[in-house]
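Please read the structure below before turning to the comments.
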Amino acid sequence: MTTRSIRQQFADTMLEVGQADPRLCVLVGDISHFILQPFAKACPGRYYNIGICEPSMVSVAAGLAKTGLYPVVHTIAPFLIERSFEQFKLDFVYHGLGGSVITVGGAFDYSNLGCTHHCYGDFALMKTLPGTRIYHPATASELDTLFKATYRDACLRLYRLPARSHGVKLSSAVEPGRIVRVREGSDVTLVATGPQLDSAVGAAERLAASGHSAEVLYVPTIRPLDTETLGRSVSRTGRVVVIEEHLTSGGLGDDVLRALAGKTPLAYRSVSIPDRLVTDYGTYDQHCVRLGLTPEGVERAAREILTPQRA
Amino acid sequence: MTANLNSDLRRAILDLVYKGRDGHIPSAFSIVDLVDHLYGEVLRVDPRAPQWPGRDYFILSKGHGCVALYAVLRKYGFLNDRDLEGFCREGGLLGEHPDCRKVPGVEASTGSLGHGMPLAVGIALGLRIQGADNRVVTLVGDGECQEGTIWESANIAANLRLGQLCAVVDWNGSAAQLMPLDDLPAKWAAFGWRVRVIDGHSHEEIRSAFASWCPAPTAQPQVIVARTVKGKGVPLLEGHGQWHHRIPSAEEYRAITEVLSRP
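Chains as they are written, first to last, in the numbering used here: chain W, 1 to 311; chain X, 1001 to 1263.
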């Protein structure tokens, strides 16, 4: 289990990559300013705290990309993804330019800050932009690996950095575009992304206690989805539960369904955020409990599709 | 036709719109003298190598004025007659807003207002980061100045002292028809730009303004606020109203052509 902060790793990775590659530039919107000072000092002229004007920060980053640089834009997810959406669409995608969008505060990580600071439609929004890639690294080392492998790709990329890491030790390293099989099973496939891997693994253990064998797949790359690994698993289990801190509409679950449609008889459940705004306050964990994003909630969803067929 | 206005380019714009059955004639007539001067006397560009790394960048932020840019790009050899004949036609390169991935010499795909200016700021910053001395000129509309991103990026450029960047404001009074934001020169000055106000249809004043621009990597950015007239050169088209996005009838086309043909 890693205890290193993903956000600190972001700053450390920028520093390491920036020292090796003079084309890396980092623009932030009034956050992470202090942890990025080592990058700013080591890479003079390539770090800018642009301030509180996210759409312009995105357009400026596109301008940097047009001159051959590798821009990174970074701030709180709703202000970057939702407010600046047209800038991503037109200034990056329409122009065919590549860049890295690194967010914190995805889903309801800023739990007590309320609805204005939540962003759980980011996968859906970015998926409407052709050619974009979406990464959801949920440990420090996953971020480091995924960023280094992809930051020069000629496309727009979202890296959603969760506040909390998952606590699962993976048997193989993450790679862009690949699902990691965390646990083998034969009755149901639990497909999890982000810190919800913990809920999936916890649910698998609870199901095992009552004789159900759950396979757990971990998805650090939302797009492009590794449909091969997914299909292999579900062709054996015929049942799938998708667990994600995202709206039910447009999230990972929709892509899983599309990938599996017509290929195998399928029982499906989604543990995600229903199609309404989250307006409650409380801790991250309290939000998770309310939404069923817990081992118990995932177990419950799995039993809904396991029990009738075993009766 | 007012003496010394470029009637050939205006005639080319008129023909593009009349044949293509789409386009914004008055907006194009408002900026064509400025754009012509830029390509003819200011920008270091090469029509044989539009992507030449040493080129200067021109970003038409008010993308709906692009028929003026198309006519100028034809004049200076980036486009040919066949390209122009494809304007707004299936399979053509040229649309009612410019696409930089299709049109040689077009640096930015604009149309949604408020995008070209911050993109130009990023280009100027990117060039400076890499120690390049290319210059960047962006042309924005005064109506476009109602977009918040114009002022966000004006603030960024001034704070970063992007002296390789020059903004040109096509001050034709469009904003005043909507939610007035005059006095524009004072606003740009307040945002930290060096301001020059000119007649945007006077070759002498345009020439003088650009001749006095001293681009340098960390200088104060320059804005040229150009007083212009929408539809300039043809009284029928001048001003604000129905001609903003209107296509002339055959009779109107003949009448406009006749005005443009007068010595």
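All residues carry an ideal CB built from backbone N, CA and C; glycine is no exception.
Test: residue i CB closer than 8 Å to a CB of chain C
i, result
"Ser1112/X", "The displayed structure is made up of protein chains W and X, and chain C is not among them."
Inter-residue spacing [alpha-carbon to alpha-carbon] between residue i and residue j
i, j, result
"Gly96/W", "Phe85/W", "15 Å"
"Gln309/W", "Ala259/W", "For Gln309/W, the predicted model reports a pLDDT of 47, less than 50, meaning its position is unreliable; a value from the coordinates is still stated below. One C-alpha to the other measures close to 23 Å."
"Trp1188/X", "Arg1194/X", "8 Å"
"Ala1132/X", "Ala1071/X", "29 Å"
"Asp198/W", "Ser165/W", "9 Å"
"Gly1143/X", "Val1137/X", "18 Å"
"Ala311/W", "Tyr268/W", "Its pLDDT being 39, under 50, Ala311/W is placed unreliably in this model, and the value from its coordinates should be taken loosely. So the two alpha carbons sit approximately 18 Å from each other."
"Lys89/W", "Asp21/W", "27 Å"
"His1245/X", "Val182/W", "60 Å"
"Tyr1057/X", "Pro1098/X", "15 Å"
"Arg1010/X", "Leu1260/X", "7 Å"
"Leu158/W", "Ser59/W", "16 Å"
"Ala1157/X", "Pro1221/X", "7 Å"
"Ser270/W", "Leu291/W", "11 Å"
"Ser213/W", "Glu304/W", "15 Å"
"His117/W", "Lys1230/X", "43 Å"
"Thr221/W", "Gly177/W", "5 Å"
"Gly1086/X", "Asn1080/X", "10 Å"
"Thr75/W", "Arg7/W", "11 Å"
"Gln9/W", "Leu143/W", "7 Å"
"Ala1108/X", "Leu1073/X", "14 Å"
"Gln19/W", "Gly1111/X", "38 Å"
"Thr248/W", "Tyr1039/X", "52 Å"
"Thr67/W", "Tyr281/W", "44 Å"
"Met1/W", "Ala140/W", "Note that Met1/W scores a pLDDT of 46, beneath 50, so its modelled location is shaky; the value from the coordinates is reported in the next line. For Met1/W and Ala140/W, the distance between alpha carbons rounds to 11 Å."
"Ala163/W", "Asp30/W", "18 Å"
"Asp12/W", "Gly1163/X", "32 Å"
"Lys127/W", "Asn1004/X", "52 Å"
Beta-bridge partners of residue i, as assigned by DSSP
i, result
"Pro1217/X", "Bridge partners of Pro1217/X: none, in fact."
"Gln19/W", "Beta-bridge pairing links Gln19/W to no other residue."
"Gly1141/X", "Asp1170/X"
"Cys119/W", "Ala107/W"
"Glu215/W", "Thr189/W"
"Ala267/W", "Arg239/W"
"Ala1058/X", "The sequence given here places Phe at residue 1058/X; Ala does not occur at that position. Paired residue(s): Val1137/X."
"Tyr135/W", "Tyr159/W, Thr221/W"
"Ser100/W", "Val72/W, Arg157/W"
"Ile273/W", "Leu247/W"
N- and C-terminal bounds of the beta strand (DSSP E) containing residue i
i, result
"Glu244/W", "239-247"
"Thr75/W", "70-76"
"Ile1198/X", "1194-1199"
"Ala1226/X", "1222-1227"
"Leu158/W", "156-160"
"Val180/W", "180-183"
"Gly222/W", "It is worth fixing the name first, because residue 222/W is Ile in this sequence and not Gly. Per DSSP, Ile222/W belongs to the beta strand (DSSP E) from 221-223."
For residue i, the first and last residue of its enclosing alpha helix (DSSP H)
i, result
"Pro1026/X", "1025-1037"
"His287/W", "284-291"
"Cys25/W", "Here Cys25/W belongs to no alpha helix (DSSP H); instead the beta strand (DSSP E) covers 24-28."
"Thr1149/X", "1148-1159"
"Thr145/W", "140-150"
"Gln37/W", "37-42"
"Tyr1070/X", "1066-1075"
"Arg258/W", "252-260"
"Tyr1018/X", "1007-1020"
"Tyr47/W", "Note, Tyr47/W: premise wrong, no alpha helix (DSSP H); beta strand (DSSP E) at 47-49."
"Gly167/W", "Here Gly167/W belongs to no alpha helix (DSSP H), and DSSP marks it neither H nor E."
"His1203/X", "1203-1211"
Within 8 Å, strictly: CB atoms of residue i and residue j
i, j, result
"Leu64/W", "Pro71/W", "yes"
"Ile1198/X", "Ala1167/X", "no"
"Ile50/W", "Val28/W", "yes"
"Val234/W", "Thr279/W", "no"
"Ile1129/X", "Arg4/W", "no"
"Ala200/W", "Ala192/W", "yes"
"Val256/W", "Ala302/W", "no"
"Val180/W", "Tyr218/W", "yes"
"Leu1236/X", "Ala1250/X", "no"
"Phe1191/X", "Ala1154/X", "yes"
"Gly106/W", "Cys155/W", "no"
"Pro1050/X", "Gly1105/X", "yes"
Residue i CB to nearest heavy atom of the ligand PLP below 7 Å
i, result
"Leu161/W", "Only the bare structure without any ligand can be found here, which leaves the ligand PLP out of the picture."
* To do: Pull out every residue of the region 73-106 of chain W whose Cβ sits closer than 8 Å to any Cβ of chain X, in chain order.
  => Glu86, Gln87, Leu90, Asp91, Tyr94, His95, Gly96
* Asked: Using a Cβ cut-off of 7 Å, which residues of the region 44-61 of chain W contact any Cβ in chain X, in chain order?
  -> Gly45, Arg46, Ile50, Cys53, Pro55, Ser56, Ser59, Val60, Ala61
* Asked: Using a beta-carbon distance cut-off of less than 9 Å, what residues from the region 1097-1122 of chain X approach chain W?
  -> Asp1099, Cys1100, Arg1101, Glu1107, Ala1108, Ser1109, Thr1110, Gly1111, Ser1112, Gly1114, His1115, Gly1116, Met1117, Pro1118, Leu1119, Ala1120, Val1121, Gly1122
* **Contact set between the region 1130-1164 of chain X and chain W, restricted to residues whose Cβ is under 8 Å from the partner** => Gln1130, Ala1132, Gly1148, Thr1149, Glu1152, Ser1153, Asn1155, Ile1156, Leu1160
* To do: For the region 17-34 of chain W, enumerate the residues whose C-beta is nearer than 8 Å to any C-beta of chain X, in chain order.
  => Cys25
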